[in-house]
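J.:
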Amino acid sequence: MANDDAQGEHIRAFFESAEGQYLFPNCPFRRQLDCLHQFDAESVSSIWVHMLGHIIDHKAGQPCRNDSDEMISAINQDDINDELRHVYNDCNNPELNKARQVNRDVDPSDRLEYQDFGPEQRGCFGADAQAELMAEAIRVYMQNPNYLKTVAPNVAARIRAAVNPNPNLNSIIQFN
-18 MANDDAQGEH
-8 IRAFFESAEG
2 QYLFPNCPFR
12 RQLDCLHQFD
22 AESVSSIWVH
32 MLGHIIDHKA
42 GQPCRNDSDE
52 MISAINQDDI
62 NDELRHVYND
72 CNNPELNKAR
82 QVNRDVDPSD
92 RLEYQDFGPE
102 QRGCFGADAQ
112 AELMAEAIRV
122 YMQNPNYLKT
132 VAPNVAARIR
142 AAVNPNPNLN
152 SIIQFN
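Structure (structure tokens):
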């Protein structure tokens, strides 16, 4: 997906609209939407798809209260936090990613710095961190479905259960 891609512009437009302008304000990737020209194409694609993950989470989710007692819409994360955190660490930990450039088969349990990287390390806490975990899981599902279904089968099932029957989404996207 190129920096000026029409799909990306639709995602940006959602976050500038009345409905989306106040959603996920603490997402570290949202802050990068105005400077995507500084990134390579692969990074831009990941940022767009992560932001699309937020939109899908919002549209497919059920009403619930966030840490500020505001009503939001989000996919239920009960009993899948460990899997969500595993995926987030595995795909975003800069130390782990650096080590994998040298050895693809590096085991995250080998070193403490390869573990427990979460949204908190990017300044997101509470409900914001939970939103980041789900958006990133949805991004991974869209970009590498076999990986997500293998390492986080309950997360994949939860996303399918929320998205596939949803009439606001199922004519646009389906997860297998």
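Under the numbering used here, the first residue of the sequence shown carries the number -18, and numbering increases by one thereafter. Even for Gly, the Cβ is constructed at its ideal location relative to N, Cα and C. Computed from a predicted model, the values in this text were never measured in an experiment.
#1: Beta-carbon within less than 6 Å of Phe(-4)'s beta-carbon, same chain only, minus the 5 sequence neighbours each way: which residues are those?
#2: According to DSSP, Ala55 sits in a beta bridge with which residue or residues?
#3: Along the chain, where does the alpha helix (DSSP H) containing Pro9 start, and where does it finish?
#4: Please report the straight-line C-alpha distance between Gly42 and Leu17, rounded to a whole angstrom.
#5: Which residue spans inside the segment 48 to 119 form an unbroken beta strand (DSSP E) run of at least 3?
#6: For Ile53, count the other beta carbons within 10 Å of its own beta carbon; 16 or more makes it buried, fewer makes it exposed. Which is it?
#7: Please check the pair Ala137 and Leu129, which I expect to be a contact at CB under 8 Å, by giving their CB distance rounded to whole angstroms.
#8: Tell me the rounded alpha-carbon separation between Pro100 and Ala110.
#9: What's the gap between the Cα of Cys105 and the Cα of Pro148?
#10: Taking 9 Å as the threshold (C-beta atoms), are Phe20 and Ala116 in contact?
#11: Quick check on this structure: which residue in Glu(-10), Pro146, Asn127, Ile119 has the alpha carbon closest to the alpha carbon of Gln58?
#12: Kindly indicate which three-state DSSP category Ser152 falls into: helix, strand or coil?
#13: Give a single yes or no on whether Glu117 has its beta carbon closer than 8 Å to a heavy atom of the ligand FMN.
#14: Here's a check: name, in chain order, each residue in its chain whose Cβ is nearer than 6 Å to the Cβ of Arg141, leaving out the five neighbours to either side.
#15: Where do the N-terminal and C-terminal ends of the alpha helix (DSSP H) with Ala138 fall, by residue?
#16: Tell me which same chain residues have a C-beta within less than 7 Å of the C-beta of Ser24, skipping the five on either side of it?
#17: From Pro89, Gly(-11), Ile153, pick the residue whose C-alpha is nearest to that of Val30; which is it?
T.: On the basis of the supplied data:
#1: none
#2: Gln43
#3: Pro9 -> no alpha helix (DSSP H), and no H or E assigned at all.
#4: 28 Å
#5: 52 to 55
#6: buried
#7: 5 Å
#8: 5 Å
#9: 31 Å
#10: no
#11: Ile119
#12: coil
#13: This structure lacks the ligand FMN, and indeed carries no ligand of any kind.
#14: Phe156
#15: 134 to 144
#16: none
#17: Gly(-11)
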